[in-house]
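Participant:
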Amino acid sequence: MNKNNSKMLTADEASKIVASSVIRRRKKDARLKTYGRIAIGLAVSFLIFLFVSIFSKGIPGFFQYYVTLDVYLDRDRLDPKGDLSPESLYNGDARSIVLESLYKVINPKGRKEKKAAKKIISSNADVRISKMVLDNSKILGKTISITFAVDDDIDSFLRGYIKRETPSSERRINDTVIKFVDKLSAENRISYKFSDYILTGSASRSPEIAGIKGAFIGSMLTLAVCFIIAFPLGVATAVYLEEFAPKNRITEIIEVNINNLAAVPSVVFGILGLAIFIGVFGMPRSIPLLGGMVLALMTLPTIIISSRAAIRAVPPSIKDAAYGIGASKLQTIFHHVLPLAMPGMLTGTIIGMAQALGETAPLLMIGMVAFIVDIPGGVTDPGTVLPVQIFMWADFAERMFIQKTSSAIIVLLVFLIFMNAAAVILRKKLERRW
Amino acid sequence: MNEYTLLILLLLISLLWFYFGNKTALSLKNKQLKLNSLPHYYGIYVALYSIIPSLFSYLLILVFDGILFSNLIMEFVPKEILNSPDFNKIIVLAQIDNAVRGIYFGEQPDWVTIASNQMIEWNNQSLILNFFCSISLALGIGYLGFKNIHQEFRSRNSVEKIIISLLGLSSIIAILTTIGIVFSVIFESLRFFAIIPASEFLFGLTWNPQFEGAERAGSGQEGLASYGSVPLFVGTFLISLIALCVSVPIGLFSAVYLSEYANKKERSIFKPLLEILAGIPTVVYGFFAALTVAPLMRNGGSLIGLDVASESALAAGFVMGIMIIPFISSLSDDVINAVPQSLRDAGYGLGSTKNEVITNVIIPAALPGIIASIILAVSRAIGETMIVVMAAGLAANLSFNPLDAVTTVTAQIVTILVGDQEFESAKTLSAFALALTLIVITLILNFYALHVVKKYREQYE
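Chains B and Z are the protein sequences, given in the same order.
Here the first sequence stands for residues 246 to 679, numbered as in my numbering.
Here the second sequence stands for residues 10 to 470, numbered as in my numbering.
1) Measuring only between beta-carbons, confirm whether Val-263 of chain B sits less than 9 Å from chain Z.
2) So if I threshold CB-CB distances at 8 Å, which residues from the stretch 551-581 of chain B count as touching chain Z?
3) Residues of chain Z with a CB under 7 Å from the CB of Asp-274 of chain B: which are they?
4) Taking its Cβ as the centre, do 16 or more other Cβ atoms sit within 10 Å of Phe-441 of chain Z, making it buried, or is it exposed?
5) What span of residues does the alpha helix (DSSP H) with Phe-246 of chain Z cover, start to end?
6) Would you check if the stretch 367-374 of chain B and the stretch 384-397 of chain B touch, i.e. whether three or more CB-CB distances between them fall below 8 Å?
7) Which residues bound the beta strand (DSSP E) around Lys-438 of chain B?
8) Put Ala-226 of chain Z into one of helix, strand or coil per three-state DSSP.
9) Closer than 7 Å by C-beta to Ser-368 of chain B: which residues in its own chain qualify, once you throw out the five before and the five after it? Chain order, please.
10) Would Leu-247 of chain Z pass as an interface residue toward chain B - the criterion being a Cβ-Cβ separation below 9 Å?
11) What does Ser-23 of chain Z reach in chain B if we use C-beta pairs closer than 9 Å?
12) For Val-624 of chain B, which residues in chain Z fall below 7 Å Cβ to Cβ?
13) Report the partner residues of Ile-314 of chain B according to the DSSP bridge assignment.
14) What in chain Z is Cβ-close to Phe-636 of chain B, meaning under 9 Å?
15) Locate the alpha helix (DSSP H) running through Ala-558 of chain B, then write down its first and last residues.
16) Which residues of chain Z have a Cβ atom closer than 8 Å to the Cβ of Ser-266 of chain B, listed in chain order?
17) Step through the CB atoms of chain B and report whether any lies within less than 9 Å of the CB of Glu-161 of chain Z.
18) Count the other CB atoms within 10 Å of the CB of Lys-436 of chain Z; is the residue buried (16 or more) or exposed (fewer)?
19) Where DSSP assigns a beta bridge to Ser-235 of chain Z, which residues make up the other side?
20) Closer than 7 Å by C-beta to Val-366 of chain Z: which residues in its own chain qualify, once you throw out the five before and the five after it? Chain order, please.
21) Between the alpha carbons of Thr-424 of chain Z and Ile-137 of chain Z, how many angstroms are there, rounded?
22) Short of 6 Å in beta carbon distance, which residues of its chain neighbour Ser-449 of chain B, apart from the five on each side in sequence? Order them along the chain.
23) Just to confirm my understanding: we take Ala-400 of chain Z, look at its own chain, exclude 5 residues before and 5 after, and list those with CB closer than 7 Å. What are they?
24) When you compare the CB of Tyr-280 of chain B with every CB in chain Z, is at least one pair closer than 9 Å?
25) For Gln-634 of chain B, count neighbouring C-beta atoms within 10 Å of its own C-beta (all shown protein chains included) and say buried if the count is 16 or more, exposed if not.
26) Any beta carbon from chain B within less than 9 Å of Phe-27 of chain Z's own beta carbon?
27) Just grab the DSSP bridge partners of Ile-366 of chain B for me.
28) Under 7 Å Cβ-Cβ, which residues of chain Z neighbour Ser-298 of chain B?
29) When you compare only the Cα positions, how much space is there between Ser-174 of chain Z and Ala-481 of chain B?
30) For Thr-388 of chain B, is the classification buried or exposed, using 16 other Cβ atoms within 10 angstroms of its Cβ as the cut-off for buried?
31) What residues in its chain sit with their C-beta under 8 Å from that of Ala-124 of chain Z, if we drop five residues either side in the sequence?
32) Quick check on DSSP: helix, strand or coil for Gln-634 of chain B?
33) Using a Cβ-Cβ cutoff of 8 Å, what residues of the stretch 141-153 of chain Z are near chain C? List them in chain order.
34) Grab the span of the alpha helix (DSSP H) containing Val-289 of chain B for me, first residue to last.
35) In terms of residues, what are the limits of the alpha helix (DSSP H) holding Lys-349 of chain B?
36) Thinking C-alpha only, which one of B:Leu-657, B:Arg-434, B:Asp-324, B:Gly-303 is nearest Ser-651 of chain B?
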């Protein structure tokens, strides 16, 4: 304030003082506005940076390099027992048949070159042939051209991550291999196409054949268990607390409790699963049922809180109308309040499920981090989930896993975006204005 | 014949009872008798009577036979294994369990084969028992309910009573969860504090957990284990602080801009965009921090002559800061919007600029809410796990330098408890003690935030 407060200012003097400061004050205002713009700009650019960095790595991860070879499918060597059973094919000699057709193209001389040539094709090539034969046994005895995934080091070389200029001793692949790869590409046998493995393969230590199918199915099973447990329980709790619970200490404790549970870090739910479900109840580790139960407890507070808000938003006039024509309290709730509150409850549930879908830490602790190649067939088969798969792949050293991890992240994000969009649309579509 | 078919059978039986109950009620109605309730309530009544006890016994046997058998089976484990120093019940049980499922490699010891055969037999017996109990309950009690049906019977009131008590029961799950958390953490923590004094845990300056096996084995690690949690808390504090340095200014300025300066269109675009940040899974942030941000910082640091660790607190804290921006911006936005318009109008009426209204009127009025949002963001940062596990590393350095590698409480809990554990070892138990302190800290923060918000609310209502 002014020093000469005691003296009355005339209107002219006052307006002079104000006028002299007004430019400065406006500038200050503009500055704050700019800070706000900068803050939002920064936040949005972080978001864009995150998405660009994930997508630029992840989209190439959906593709990989293949080599096309003309393979003579020798009946006797592929199927020694001659009964076309998986065991017989497993004992067959598919691997060397593939290698021989590779040798025909690149003509390796001597053991050293042959050893180098072996590195080109993924170790999964024999499985691919066995599978083709199992699907269609008529191809036996014919020569057909088949595409095989190249080994991950070759893939990285073809993508340019392993550079030709690097001295041979520091490269993961030697000059002979590079010579062969050049020969293959000169004959147009190398192709770059959508990966057969990323969406349909299961966990593998070889990045070129690793895929997310197992983890994806595990995620879906876990989420299904989580939904089946959390949604009814959450809605029931919300109905009870909003409509029936007497206003007493116990109710108050339950309410405080639910708010606190919402704030408990997710790792703690993992500890709960480990100590109670595994330790006391003796449930097996790594199964989607257990994961779903732990996630259900974790998402329960979210569902309860949003369901209560949805129930509270139903206007009392609706209830009064129902009571007025003689409905009981439970009938009023089940016939009128719940259907009207359902969009809100579902929105909260979908957001909770999206949280559960992206959750990693508690699942790590109940053993869903185990390396499981089989695709889980039910909620009691050991399995893993997408976020855990991402965590595991992020730890592997092979260059190609970075792309595969990013691809898995893209799949996860696409799912989350779908779920959130569903929540938004549901809210918009079914929202009523009273 | 397995557990699932039994479950389906129970459901079918109760469906059948519903049909009978309904039919009886309808036949009463057809005789021109006035029923007390609508006919389907009679059906539901009988069905509930049938399904609730049978489902209860089904679950009871399903849960407790495993516990019982895993204790009984220990009779079959040879004495020398039971008494050997590295006896581990979990591993022995897993061995038997695998044999039961038919997954094993090479020769099994004799006792495993015997025990697994016994286990299979027990499992079959328990299934038969379960089958017998549940089905007879479903039929028997269902019949009792069925016999209750007569014209005067108030079936709707009974059904409603049952449903209301079921609703009440489900609200107890939340309490049970809390009790479960408290028990699982407290008991193990007490055992930990019996081995390691609480004063050493709370004030010790080195964190170097070792498996007892490693200590015994003469690997040169004997007696080196120490459980001073100070470095972990310092690391947690450091990373949270970095996260707050990123998120508080960005979050607050965004909130102020969105609520005071932005027009409707800007708001409808940027608010959801910021909220996307909260919806991204933490494992994705962890991957981003470890593979994109950390190398960037390392390279940037070496350009200006700084030695940044490849797993630095800075990278983890920075990415965590990005993650919690929406927590601060959304909550602060809400409280700023809750400041009554009359206060703003009064400010503008005096000729203030927007800036002056914001700094002198709105922020002071919204301050408690803003502080609460920051506290909630802190509790979020402290409890965050995946980013630190993936990007901050596991080296328990006692350091306040953001360029060093540090570790946090949550990261240690996860690394200790993932994979094979040695129960009863101080290392495993230490994770529970860490979890206990973590829960206590986040709860205090949460309580405090709620308290602040409550106090604030009373001002304008």
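Every residue, glycine too, gets a C-beta built ideally from N, C-alpha and C.
Facilitator: So, to answer that:
1) yes
2) Ser-573, Lys-574, Leu-575
3) Thr-362, Lys-363, Asn-364
4) buried
5) 239-265
6) yes
7) 435-439
8) Its pLDDT being 48, under 50, Ala-226 of chain Z is placed unreliably in this model, and the value from its coordinates should be taken loosely. In the structure shown, Ala-226 of chain Z sits in coil (DSSP, three-state: anything other than H, G, I, E or B).
9) Ser-451
10) no
11) Correct list: empty, because the minimum Cβ distance to chain B is about 17 Å.
12) Near Val-624 of chain B there are no residues of chain Z at all, since even the closest Cβ is about 10 Å away, more than 7 Å.
13) According to the sequence displayed, residue 314 of chain B carries Leu and not Ile. DSSP lists B:Ile-391 as partners of Leu-314 of chain B.
14) Val-292, Gly-295, Phe-296, Met-395, Val-398, Met-399
15) 533-558
16) Within chain Z, no residue comes near Ser-266 of chain B; the closest Cβ sits about 10 Å away, beyond 8 Å.
17) no
18) buried
19) Z:Asn-217
20) Arg-353, Gly-356, Tyr-357
21) 42 Å
22) Ala-455
23) Gly-295, Ala-298, Ala-299, Ala-303, Glu-320, Ala-324, Ala-325, Val-328
24) yes
25) buried
26) no
27) B:Val-395
28) Phe-297, Thr-301
29) 10 Å
30) exposed
31) Ile-82, Phe-85, Val-86, Ile-105, Ala-108
32) helix
33) Protein chains in the displayed structure are B and Z, and chain C is not among them.
34) 256-306
35) 339-351
36) B:Gly-303
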